[in-house]
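Remarks on the structure that follows.
Residue numbers (this note's numbering): 2 to 348.
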């Protein structure tokens with residue numbers, strides 16, 4: 002079988018990397034295409050995944066629209082050359098169109114309800130849409146497949162990942178000294194239109210640093226006063242960092258979910274919400290979302306201080322994590338099986 006995987010975001014590298022290994026163990030040929038966004042290419046190289054660069058991500062709605070037309074055309078050329086039996090991606094607007102035009106099945110994985118523009122452009126053209134069972138958006142019933150899990154469990158599930166305390170040294174951190182991971186995003190994605198997170202980064206860092214060192218992962222520039230807190234180290238190892246952090250707080254729902262699935266308290270600060278972080282909060286108490294346009298930062302910091310002030314927090318969260326893991330599947334196995342099943346249908 003020949004499988005084409007389109008990688009358009011750094012988190013998608015982690016989602017597919019274990020599946021790519023298993024597909025190759027099963028004797029399949031796997032081809033990867035990539036979008037030049039943030040550290041996507043660096044991660045692919047770190048995991049020794051060969052890829053074809055199809056260009057940089059667009060800026061703004063106009064740029065994203067132009068990128069759609071150009072990228073679909075490039076993907077169709079790749080399809081004609083490598084002749085895949087099935088295409089797959091997260092979000093999948095590009096492979097859905099390339100697959101539809103090439104009469105090849107496309108399997109889309111997604112978990113972001115507020116990405117209504119890309120969903121509107123994707124769902125009519127793809128073959129199947131796989132979402133977590135907690136997904137709160139609409140998907141055509143005839144194409145919808147659900148599973149008990151989260152995207153992040155494709156690489157944080159205990160079957161796939163064991164945290165290594167020694168990795169902290171690579172980031173200049175020490176195991177005996179508590180630290181907080183803060184994530185800031187660029188708000189440039191199509192689904193980020195009109196959304197925002199923190200309203201005062203420097204004040205937020207001051208509040209948190211009364212309890213622990215703060216390291217900041219940021220997609221953009223930081224205020225000069227915070228530049229010395231920027232996270233430096235091998236980015237492919239960041240999940241070890243999240244596993245041993247005292248707290249994650251940030252504007253990335255993906256990193257909030259990664260932290261929650263690793264048993265680290267997670268606070269998501271954004272005016273938009275996600276079904277998976279809602280479930281992690283309501284069912285398991287692993288994550289918290291604060292989305293009020295004016296009070297989100299204040300409310301998030303109150304919760305963060307409460308978590309950091311409790312010496313039993315880590316043990317409590319690990320217990321909650323074990324309960325969550327018992328309810329969920331190894332998502333990598335699901336990815337492998339579903340994509341293979343649609344690839345076989347093309348024969």
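Even for Gly, the Cβ is constructed at its ideal location relative to N, Cα and C.
Taken in chain order, the unbroken stretches of alpha helix (DSSP H) that lie wholly in the segment 135-185 and span 4 residues or more are 154-157. A contact between stretches requires three or more CB pairs, one per stretch, nearer than 8 Å, and the segment 257-267 fails this requirement with the segment 291-301.
In the DSSP assignment, residue 7 falls within the beta strand (DSSP E) that extends over 3-8. In chain order, 37 place their CB closer than 6 Å to the CB of residue 57, counting only its own chain and leaving out the 5 sequence neighbours on each side. Residue environment analysis places residue 165 among the exposed positions, since fewer than 16 neighbouring C-beta atoms fall within 10 angstroms of its C-beta.
Leaving aside the five residues that flank residue 234 on each side, the residues in its chain whose CB is nearer than 8 Å to its CB run, in chain order, 171, 172, 173 and 242. Taking C-alpha positions only, residue 70 is separated from residue 175 by approximately 48 Å. Between residue 254 and residue 272, the CB-CB gap reaches or exceeds 8 Å.
Nearest to residue 3 by alpha-carbon distance, out of 32, 14, 161 and 16, is 32.
Distances from the CA of residue 207 to each of 96, 110, 305 and 289 were compared; the closest alpha carbon is that of 305. Going by C-alpha positions, residue 341 is about 29 Å away from residue 280. Looking only at 344, 6, 291 and 287, the smallest Cα-Cα distance to residue 324 is reached by 287.
DSSP places residue 265 outside both helix and strand once states are collapsed to three, so it counts as coil.
In this structure residue 87 does not touch residue 251 by the C-beta definition: roughly 34 Å separates them, more than the 8 Å allowed.
Per DSSP, the continuous beta strand (DSSP E) segment holding residue 132 begins and ends at 129-133. Residue 208: member of the alpha helix (DSSP H) spanning 202-209, first to last residue.
Looking at the backbone, the Cα of residue 227 and that of residue 180 are separated by about 15 Å. Around the beta carbon of residue 121, fewer than 16 other beta carbons lie within 10 angstroms, which makes this residue exposed. Closest option to residue 310, judged by alpha-carbon separation, among 21, 248 and 90: 248. DSSP places residue 215 in no alpha helix (DSSP H) but in the uninterrupted beta strand (DSSP E) bounded by 214-219.
Of the candidates 318, 136, 244 and 156, the residue whose Cα lies closest to the Cα of residue 168 is 244. Residue nearest to residue 116 within the set 326, 103 and 276 is 276 (criterion: CA-CA distance). Within its own chain, no residue has a Cβ closer than 7 Å to the Cβ of residue 211 once the five positions on either side in sequence are excluded. Around the beta carbon of residue 98, a 10 Å sphere encloses 16 or more other beta carbons of the protein chains shown; the residue is thus reported as buried. Secondary structure of residue 43 (DSSP, three-state): helix. Exclusion of the five residues before and after residue 144 leaves 124, 127, 128, 129 and 130 as the residues of its chain whose Cβ lies within less than 8 Å of its Cβ. When DSSP states are grouped into helix, strand and coil, residue 287 belongs to the coil group. In this structure, the straight-line span from the alpha carbon of residue 184 to that of residue 217 is close to 6 Å.
Residue 95 sits in a helix when the DSSP states are folded into three classes.
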